[in-house]
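Student: Below: one structure in structure tokens.
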Amino acid sequence: MFNFTFQDYKRKICALQVSCSFKADEYKSLDDLKVLFCFASPLDNETFDWNNKSIVSLSLNEVLTISYYFRHPNELYSLKNNCANFYHPYKGKNKNLILSASTDNNPCYLNLAIQEEGVFKKISYREGVDAEVFINKIELLIQSAIVYHSLNKNN
1293 MFNFTFQDYK RKICALQVSC SFKADEYKSL DDLKVLFCFA SPLDNETFDW
1343 NNKSIVSLSL NEVLTISYYF RHPNELYSLK NNCANFYHPY KGKNKNLILS
1393 ASTDNNPCYL NLAIQEEGVF KKISYREGVD AEVFINKIEL LIQSAIVYHS
1443 LNKNN
């Protein structure tokens, strides 16, 4: 699990927690791996409201999509409104997770936002090293979860 802190649009410090889990103890494929993105608002200057968090569950392919766009932000510009939306694969319902690039800044900022009840919670990174470090941490978390689960499965 990794925790990241960031400022929301009201300049309040918020938190993003990223964790991995498998659907079952004995998974059959990497499709059973889920990556949870939990966004929490602040209770005060030191603690976060994890009881009222916004959660998005992503598949490995969706996380790899985020990784790709964080590493190649120019590709986001070819998409409608410079953003990628994520949908439930079977229900077609919007997950309310949006990956976007702001074009009015140099360097460009990459934004990962969740919308709940009309309010956006957004984390932003400058393209380049900042975005790369963020994505590398998430990919390391996924790799660690796969190795840990594989080792436990064999015991």
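Count along the sequence shown from 1, then add 1292; that gives the number in the working numbering.
C-beta atoms are modelled at their ideal positions from N, C-alpha and C, and glycine is treated no differently.
Predicted, not measured: the structure shown is a model, and the values here were computed from it.
Quick one: what does DSSP say Asn-1337 is sitting in, helix, strand or coil?
Tutor: Sequence index remark: in the sequence shown, residue 1337 carries index 45 (1-based). In the structure shown, Asn-1337 sits in coil (DSSP, three-state: anything other than H, G, I, E or B).
Student: Would DSSP call Ser-1321 helix, strand or coil?
Tutor: The residue given as residue 1321 occupies position 29 in the sequence shown. In this structure, Ser-1321 counts as coil in the three-state DSSP scheme.
Student: Suppose you measure from the CA of Ile-1390 to the CA of Lys-1413; what does that come to, to the nearest Å?
Tutor: The residue labelled residue 1390 in the question sits at position 98 within the sequence shown. The residue labelled residue 1413 in the question sits at position 121 within the sequence shown. The straight-line gap from Cα to Cα measures roughly 10 Å.
Student: One question on the structure: do Ile-1427 and Phe-1362 come within less than 9 Å of each other, judged by their Cβ atoms?
Tutor: Locating residue 1427 in the sequence shown gives position 135, where the first residue counts as 1. Locating residue 1362 in the sequence shown gives position 70, where the first residue counts as 1. Yes, the pair counts as a contact, with Cβ atoms nearer than the cut-off.
Student: With 16 as the cutoff for other CB atoms within 10 Å, does Val-1310 come out buried or exposed?
Tutor: Start at 1 with the first residue of the sequence shown, and residue 1310 comes out as number 18. By the 10 Å Cβ count, Val-1310 comes out buried.
Student: Let's test the definition: count the other Cβ atoms within 10 Å of the Cβ of Ser-1392 and tell me whether it reaches 16, buried, or not, exposed.
Tutor: Residue 1392 sits at position 100 when you count from the first residue of the sequence shown. So Ser-1392 counts as buried.
Student: How long is the line joining the alpha carbons of Val-1348 and Leu-1328, rounded to whole angstroms?
Tutor: Along the sequence shown, one-based indexing puts residue 1348 at 56. Along the sequence shown, one-based indexing puts residue 1328 at 36. For Val-1348 and Leu-1328, the distance between alpha carbons rounds to 6 Å.
Student: Which residue from Lys-1345, Asn-1353, Ser-1394 puts its Cα closest to that of Pro-1334?
Tutor: Taking the sequence shown and counting its residues from 1, the one referred to as residue 1334 is at position 42. Ranking the options by Cα distance to Pro-1334, first place goes to Lys-1345.
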